[in-house]
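Asker: Chains as they are written, first to last, in the numbering used here: chain C, 91 to 706; chain P, 18 to 213.
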Ligand code: SF4
Ligand code: SF4
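Take a look at the structure:
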């Protein structure tokens, strides 16, 4: 954070975290997931100083439940998560909305990931606001990202409903100047819970009451200073924007120097501030919707406009004026406005880009996940390709890019879940071996019910847990099985959980030794019943973070032994980024600045050409 | 200065794109301007392409530079400079690129060949108004390591007549991040000498 004339450079997530402090929250529970992680990371850093409780929960549902507990007891709570996390938490959310949040107040922040930069889908989580009938706010600047949190908390406290703030990748992961506010003195204290915090026996009445609150909230949104109306009285085109799309819209108008075009920017996107929207619709001939992922505001406005006497022309995702998938950009808005205004955009002459080659993502140098997938590849050959790998979410998801190392990959914990089903199909002639793969953090998050199901139903499968003892994908957050625990937290060992479930076969091994790993994997999948392998898989990034490596040995390729171009196994098949093909030398070289001396490549070379040497 | 003035930093995870963005944003704020920095760092830890978009102006511009609107392209790696230029460069773009390649990994057998530097520069020349190629390897290895390429290239940029920010202020921002005795400052000064 850099101070300049009372303004500080902050990322969107940092601003949300600061907003939470300025709102006076006392409790934050979350599960890491890009692009939301930094919110909680920052609050953790400030936890002691501001005497707040912050935890990385085991998953998003538990996080939301924990946060609701705090709110019920009168402690203001924040629950940040990524888009997909809200799916996990939604079961609880769609009950909490009816029960109410008590007096503490509860703000949920969901960070969507249009285009799926770091996600397995590009879902629009705003639909949860509609499904749960809870208020939704969408910041468009860093300042709003910060200032909305206190507003959201007050709103939640007043109506006792959870309030959803939605950010998207480009807001969460970009930075700009923010004016900070004060952190208030604490005015709350944890107290007793109300005694009606459930929805039965008349959930329909609770539903009725919630709808009544939402009606009032819609009216207060009409008065809201958060929404900005166009200054002009008579418009050709009104852009209705929300979130970061507002800024793409403003810039597109600037670049095209368009006239008779204005922006109604909505921050309070659900429930719609109906009167403000209707007033704006009356001033324009045409409307262009600018929002990220789904036509959420667009559909709401369209259904609102049905009752108008003069309905303006609508253009958006529903008409194809804006692409229905992928990220919003200034270029998208520029194209859409140019189309409406019949402006010709001078397209640049594209030059031939044939020389451009991709830079694929891969496992880090020395990553033991590569060793595991290498072993999978070898075993796949041994069983004549009759192998299905049901994958999961985490660093090891990169297995989808590694040959065909992974067959399926959907949600947290779905690898073992899918496998339990496949493990029943022998009776119908299914003859492939089934391997489910998950990481340690994912194991705690969502794999335990699947594993128990497999045991109970006698599924014939092998479940491999790649245990690097940290949440590596999102930047090393702790979890119940993590090696390093805070002094106030107790470790839960994966091994003990597996043993308690009593699989038919269990072994623990090391992902560093490739030849052993191949044999173990092969012999295990050939056994019958539920087999579980726990593989100690060191994360070299995590190791280097804790103790920087002291190089005692180094690895090199022996030019006399290496057969070069005829082989290339280490470069193109094993593909450690530290091994690079050197055309002029005619053999691969190991790049010293990238190599972490794990030694895995030694076993991969069929010609014993990779040698370990001692540093002189 | 144009408003917004757009700087795009292209590199590979681990090269310090983010630091470039931080330094330039700080220098902009110190100069009384409003910086907006957009990072694509999802893949940064796993050796993927990383882009940092810096918008400098009087208002908060959008976090991504529109196509064709780059004023200065800082290429920490030749192939990544080309990738960024193909998408974002235009008639005003001045590209400063380091010629040191970072090889790509090829996960499913050798299919692609890393293009020659001549071909890359040739294409960049077609896409940009001006291309400045830096050979920083010898200098940086002497000072410490290629890890300081980001500071070096910032120095080179600051010395350009087209730079929207004074060299001195960029240097101060770099110092506030690394401390004044850091080898990064030496790299920055070396970089600033190269463009004259
Ligand atoms: S695997 Fe061994 S023989 Fe083959 S290219 Fe690599 S070092 Fe040479
Ligand atoms: S020892 Fe081999 S596999 Fe390990 S990081 Fe170095 S080059 Fe890669």
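Don't be surprised by glycine CBs; every beta carbon is placed ideally from N, CA and C. Quick caveat, the model's predicted, so the values are computed rather than measured.
According to the Cβ coordinates, are residue 289/C and residue 188/C closer than 8 angstroms?
Answerer: For this step, residue 289/C is matched to residue 199 along the first chain. For this step, residue 188/C is matched to residue 98 along the first chain. Cβ atoms of residue 289/C and residue 188/C: closer than 8 angstroms.
Asker: Just tell me which of 79/P, 148/P, 55/P and 120/P has its CA closest to the CA of residue 673/C.
Answerer: Numbered from 1 along the first chain, position 583 holds the residue referred to as residue 673/C. Nearest C-alpha to residue 673/C: 120/P.
Asker: Rounded to whole angstroms, how far is the Cβ of residue 307/C from the Cβ of residue 225/C, which I believe are closer than 8 angstroms?
Answerer: Position 217 of the first chain holds residue 307/C. Position 135 of the first chain holds residue 225/C. 5 angstroms between Cβ atoms; contact.
Asker: If you follow the beta strand (DSSP E) that residue 147/P is in, where does it begin and where does it stop?
Answerer: As a working mapping, residue 147/P is identified with position 130 in the second chain. Note, residue 147/P: beta strand (DSSP E), 147-151.
Asker: List the residues of chain C that residue 54/P touches, going by C-beta distances under 7 angstroms, in chain order.
Answerer: Translated into positions along the second chain, residue 54/P becomes position 37. Within 7 angstroms Cβ-Cβ: 264 and 265.
Asker: Kindly confirm or deny that the segment 160-170 of chain P and the segment 130-147 of chain P touch, where touching means at least three C-beta pairs closer than 8 angstroms.
Answerer: No, because fewer than three Cβ pairs between the segment 160-170 of chain P and the segment 130-147 of chain P fall closer than 8 angstroms, the two stretches do not touch.
Asker: Below 8 angstroms on C-beta distance, what does residue 143/P contact in chain C?
Answerer: Position 126 of the second chain holds residue 143/P. Within 8 angstroms Cβ-Cβ: 441.
Asker: Ligand 2 and residue 669/C: does the residue's C-beta get closer than 7 angstroms to at least one heavy atom of that ligand?
Answerer: In the first chain, counting from the first residue as 1, residue 669/C sits at position 579. Under cutoff, so the answer is yes.
Asker: Within 8 angstroms of any Cβ in chain C, is that where the Cβ of residue 57/P sits?
Answerer: What you label residue 57/P is simply residue 40 of the second chain in a count that begins at 1. So, interface residue.
Asker: In whole angstroms, what is the alpha-carbon distance linking residue 499/C and residue 91/P?
Answerer: Reading the first chain from its first residue, position 409 is the one you call residue 499/C. Reading the second chain from its first residue, position 74 is the one you call residue 91/P. Each residue's Cα considered, the two are about 37 angstroms apart.
Asker: Tell me where the beta strand (DSSP E) around residue 70/P begins and ends.
Answerer: Within the second chain, the letter at position 53 stands for residue 70/P. Run containing residue 70/P: 66-74, per the beta strand (DSSP E) assignment.
Asker: Which residues share a DSSP beta bridge with residue 567/C?
Answerer: Taking the first chain and counting its residues from 1, one reaches residue 567/C at position 477. Beta-bridge pairing links residue 567/C to 561/C.
Asker: Please report the straight-line C-alpha distance between residue 370/C and residue 319/C, rounded to a whole angstrom.
Answerer: By one-based count along the first chain, residue 370/C stands at place 280. By one-based count along the first chain, residue 319/C stands at place 229. Residue 370/C and residue 319/C: Cα-Cα distance of roughly 7 angstroms.
Asker: In whole angstroms, what separates the C-alpha of residue 204/C from that of residue 445/C?
Answerer: Reading the first chain from its first residue, position 114 is the one you call residue 204/C. Reading the first chain from its first residue, position 355 is the one you call residue 445/C. Each residue's alpha carbon lies about 29 angstroms from the other.
Asker: Does any CB atom of chain P fall closer than 8 angstroms to the CB of residue 665/C?
Answerer: Here residue 665/C corresponds to residue number 575 of the first chain, with the count starting at 1. Yes, its Cβ sits closer than 8 angstroms to a Cβ of chain P.
Asker: Could you pull out every unbroken beta strand (DSSP E) segment of at least 3 residues lying fully inside the segment 113-143 of chain C, listed in chain order?
Answerer: Runs of the beta strand (DSSP E) inside the segment 113-143 of chain C: 117-120.
Asker: Taking the continuous beta strand (DSSP E) assigned at residue 89/P, which residues delimit it?
Answerer: Here residue 89/P refers to the residue found at position 72 when the second chain is read from its first residue. 89-92 is the extent of the beta strand (DSSP E) around residue 89/P.
Asker: Is it true that the CB of residue 261/C sits closer than 8 angstroms to the CB of residue 229/C?
Answerer: Looking up residue 229/C in the first chain gives position 139. Looking up residue 261/C in the first chain gives position 171. The answer is yes: Cβ separation under 8 angstroms.
Asker: Against residue 446/C, what residues of chain P qualify as contacts under a CB-to-CB distance less than 7 angstroms, listed in chain order?
Answerer: For the purposes of this step, residue 446/C is taken as the residue at position 356 of the first chain. Within chain P, the residues near residue 446/C are 99, 100 and 103.
Asker: Determine the contact status of residue 386/C and residue 517/C, defining contact as a CB-CB distance below 8 angstroms.
Answerer: Working through the first chain from its first residue, we reach residue 386/C at position 296. Working through the first chain from its first residue, we reach residue 517/C at position 427. Against a cut-off of 8 angstroms, the Cβ pair of residue 517/C and residue 386/C comes out as no contact.
Asker: Closer than 8 angstroms, CB to CB, is residue 168/P near chain C or not?
Answerer: By 1-based counting over the second chain, the position of residue 168/P is 151. It does not: the Cβ of residue 168/P has no partner Cβ on chain C nearer than 8 angstroms.
Asker: Starting from residue 646/C and walking both ways along the alpha helix (DSSP H), at which residues does that stretch end?
Answerer: To locate residue 646/C, count along the first chain from 1; it is residue 556. From DSSP, residue 646/C is part of no alpha helix (DSSP H) but of the beta strand (DSSP E) over 643-647.
Asker: Can a CB atom of chain P be found closer than 8 angstroms to the CB of residue 92/C?
Answerer: Locating residue 92/C in the first chain gives position 2, where the first residue counts as 1. Low confidence applies here, because residue 92/C scores a pLDDT of 44, under 50, leaving its location unreliable; read the following figure in that light. Yes, its Cβ sits closer than 8 angstroms to a Cβ of chain P.
Asker: At the 8 angstroms Cβ level, is residue 8/P part of the contact set with chain C, yes or no?
Answerer: A query on residue 8/P cannot be resolved here, the shown segment of chain P reaching from 18 to 213 and no further.
Asker: At which residues does the alpha helix (DSSP H) containing residue 37/P begin and terminate?
Answerer: On the second chain, position 20 is the one that residue 37/P refers to. Residue 37/P -> alpha helix (DSSP H) spans 34-47.
Asker: Quick check on residue 693/C: does DSSP put it in helix, strand or coil?
Answerer: Looking up residue 693/C in the first chain gives position 603. Looking at residue 693/C - three-state DSSP - the assignment turns out to be helix.
Asker: Does the CB of residue 121/P have a neighbour CB from chain C at under 8 angstroms?
Answerer: Position 104 of the second chain, counted from the first residue, corresponds to residue 121/P. Output row for residue 121/P: interface = yes.
Asker: Return the chain-ordered ranges of every beta strand (DSSP E) run that is complete within the segment 307-367 of chain C and spans a minimum of 3 residues.
Answerer: With a minimum length of 3 residues, the continuous beta strand (DSSP E) runs that stay inside the segment 307-367 of chain C are 325-332, 351-356 and 358-360.
Asker: Under 8 angstroms between the Cβ atoms of residue 565/C and residue 531/C?
Answerer: Walking along the first chain from the start, residue 565/C turns up at place 475. Walking along the first chain from the start, residue 531/C turns up at place 441. Against a cut-off of 8 angstroms, the Cβ pair of residue 531/C and residue 565/C comes out as no contact.
Asker: Strictly under 8 angstroms for the Cβ-Cβ distance: is residue 188/P near chain C by that measure?
Answerer: The sequence position of residue 188/P within the second chain is 171, counting from 1. Not an interface residue.
Asker: With 7 angstroms as the C-beta to C-beta threshold (strictly closer), list the residues of the segment 65-87 of chain P near chain C in chain order.
Answerer: Answer set for the segment 65-87 of chain P: 65, 66, 77, 78, 79, 80, 81, 83, 84 and 85.
Asker: Return yes when the Cβ of residue 487/C is within less than 8 angstroms of the Cβ of residue 513/C, no when it is not.
Answerer: As a first step, residue 513/C is located in the first chain; it is residue number 423 there, counting from the start. As a first step, residue 487/C is located in the first chain; it is residue number 397 there, counting from the start. In this structure, residue 487/C does not lie closer than 8 angstroms to residue 513/C by Cβ.
Asker: Can you list the beta strand (DSSP E) stretches of 3 or more residues lying completely in the segment 172-224 of chain C, in chain order?
Answerer: Qualifying beta strand (DSSP E) stretches, in chain order: 196-202.
Asker: Any Cβ of chain C within less than 8 angstroms of the Cβ of residue 93/P?
Answerer: Taking the second chain and counting its residues from 1, the one referred to as residue 93/P is at position 76. Not an interface residue.
Asker: Less than 8 angstroms between the C-beta atoms of residue 266/C and residue 142/C, yes or no?
Answerer: Along the first chain, one-based indexing puts residue 266/C at 176. Along the first chain, one-based indexing puts residue 142/C at 52. Cβ distance not < 8 angstroms, so residue 266/C and residue 142/C don't count as in contact.
Asker: Assuming residue 196/P is part of the beta strand (DSSP E), what are its boundary residues?
Answerer: Walking along the second chain from the start, residue 196/P turns up at place 179. No beta strand (DSSP E) contains residue 196/P, which DSSP labels as neither H nor E.
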